[in-house]
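Here is the structure we will look at.
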Ligand code: XMP
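In this note's numbering, the protein residues as written are 570 to 1077.
As structure tokens, this is what we get:
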């Protein structure tokens, strides 16, 4: 059973899918114009039509398959989706006098879709077309100050259109509207983490049978959760390989080993390849070169391990690919559209594994929920993103053992204090960057040359854009004092106050 979300190119389509799952109903995104047969394969209980950039009166605008309207299933049309519904049922849509964009206030609203809500409602709008004439028998159920038709309902009370975006955070009560729709549509609410876990375990067992599975773990939340999940599903038929490239943070390897202990030491293979990585990086300052070298070395080491192990007949290679990487969105290219940097995606074809990707249908938050059920320790579950090339791209210039050691100690002070001050979970990512600059300082009566260390902490939703985190001055003060006291090689600490864009989150 599912809620099928037909994507007409809105930037918020994924957000709708996540919200529906947060409301414990399973949701799937399909391109807006897929066939009715394809939609039926998902066993839909309800359908949501997303927004999108097109205008319904453009003859080439994308339209859902006719079964969507004819099937009698409950439908919620959002923005473009609402305009389509109005037009398809015989109403009229016209270009609005002015574009309504941003926060709008619903002054009047009524009916089941707004059950439980009262007072003025703030909702996010972004549209240039408007419904000017309703289909026969339909009712207006909400109006904003600028738009007399902000939401509509069909005569049978099963199909709705909303001109606003209930899925975005700028619509603070939007979740209640979505919740009401799911109630009215009598959608099953069994998408709980426990249920997901049971389903995944059963699926993995059926798929894998008695075969062996190889997994590369990086220490991030996805691959660590996958290790625990697979180990629960297939026990010692799983071998996880953790390549320590020597570019990890302080104590990171030990933390990962301890987090994965429940899967059994004999099923976790830790490969210390730090020397190989460091010698390959020797003399290299260019960031893109560093990335290429780390990627290449990783594949080399993993391939070597896999060959050693393949004598034991590994059929499957497991990867922590997530739903956003595979969504068949209107704008994307479907399942083939997997990020090229995705962990071991670059492995040579002659290794001939079959891919096992149990998280293909999950969002990151759902993986975190599974991680909780599987007992993954909080320090890994809630960990900030960490780039594949590790600290090599946080040391500007050449990567040496000495510089790694300096950065590790400073980074650890920054991270530990963020946790002590309860700030760690409030920022999306925090990092320390060791610059090659040496600046003058004074210690006692002596002049002292020390490295300039940059701290960066950002707030973000997905890392695509970011703002610098407004960390308290007293906190930054304590970090700077502690770092310069305990890491004497560092003479100066600066805080990066650039947003992305124009800067990126990492310095390299
Ligand atoms: P930027 O610096 O591009 O970073 O704003 C956005 C997010 O991506 C991470 N990042 C990487 N992750 N390999 C990765 O696996 C890389 O080469 C890489 N470069 C940046 C970065 O840490 C941030 O979370």
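No residue lacks a Cβ here, since even glycine has one placed at the ideal position from N, Cα and C.
Treat the numbers as computed from the prediction; the structure is a model and nothing was measured.
So, at 7 Å on beta carbons, what are the nonlocal neighbours of residue 1009 in its own chain, with the 5 sequence-adjacent residues on each side left out? 1016 and 1018
Figure out for me which residue from 810, 778 and 988 has the closest Cα to the Cα of residue 793. 810
Return the CA-CA distance between residue 1047 and residue 785, expressed in angstroms with no decimal places. 38 Å
Thinking residue 722 and residue 708 are a contact (beta carbons under 8 Å), I'd like their distance in whole angstroms, please. 5 Å
Restricting to runs no shorter than 3 residues, where is the beta strand (DSSP E) found entirely within the stretch 591-655? 596-600, 613-618 and 644-647
Taking 6 Å as the line, does the beta carbon of residue 1069 fall inside it for any heavy atom of the ligand XMP? yes
For residue 1095, which three-state DSSP category applies? Here the chain has residues from 570 to 1077 only, and residue 1095 is not among them.
What residue range does the beta strand (DSSP E) around residue 702 cover? 690-702
Closest by CA to residue 757, which one among 780, 692, 590 and 746? 590
I need the straight-line Cα distance from residue 619 to residue 800, nearest angstrom please. 38 Å
Taking the Cβ atom as the reference point for each residue, do residue 674 and residue 731 lie within a distance shorter than 7 Å? no
Going along the chain, which residues of its own chain have a beta-carbon closer than 6 Å to the beta-carbon of residue 815, five neighbours each way excluded? 843, 846 and 847
Can you tell me which residues form a DSSP beta bridge with residue 1055? For residue 1055, which the question treats as bridged, DSSP gives no partner whatsoever.
Would residue 596 pass as a contact of residue 616 if the rule is Cβ separation under 7 Å? no
When every heavy atom of the ligand XMP is checked, does at least one fall within less than 6 Å of the C-beta of residue 977? no
For residue 755, report the span of its beta strand (DSSP E) as first-last. Here residue 755 belongs to no beta strand (DSSP E), and DSSP marks it neither H nor E.
Contact test: residue 1074 Cβ vs the ligand XMP heavy atom, cutoff 6 Å: yes
contact_flag[the stretch 769-785, the stretch 825-837] where n(CB pairs < 8 Å) is 3 or more: no
Between the C-alpha atoms of residue 767 and residue 611, what's the straight-line distance to the nearest angstrom? 19 Å
Give me the Cα-Cα distance between residue 588 and residue 594, rounded to the nearest whole angstrom. 9 Å
Is residue 952 near the ligand XMP, judged by its Cβ being under 6 Å from some heavy atom? no
Determine the contact status of residue 750 and residue 642, defining contact as a CB-CB distance below 7 Å. no
Can you tell me which residues form a DSSP beta bridge with residue 1008? 1019
Would you identify the three-state DSSP class for residue 803, choosing helix, strand or coil? helix
Pairwise C-alpha distance: residue 1052 and residue 981: 9 Å
Which listed residue (820, 873 and 992) has its alpha carbon closest to that of residue 1043: 992
Give the secondary structure of residue 1038 by DSSP, where H, G and I count as helix, E and B as strand, and everything else as coil. coil
Between residue 929 and chain C, is the shortest Cβ-Cβ distance under 7 Å, so that the two count as touching? Within the model displayed, chain C is absent; a lone protein chain is all it includes.
Rounded separation between residue 863 and residue 872 - CA only: 14 Å
In the DSSP assignment, find the alpha helix (DSSP H) that holds residue 846 and state where it starts and stops. 843-850
Between which two residues does the alpha helix (DSSP H) harbouring residue 934 extend? 933-942
With 16 other CB atoms within 10 Å as the buried threshold, where does residue 761 fall? exposed
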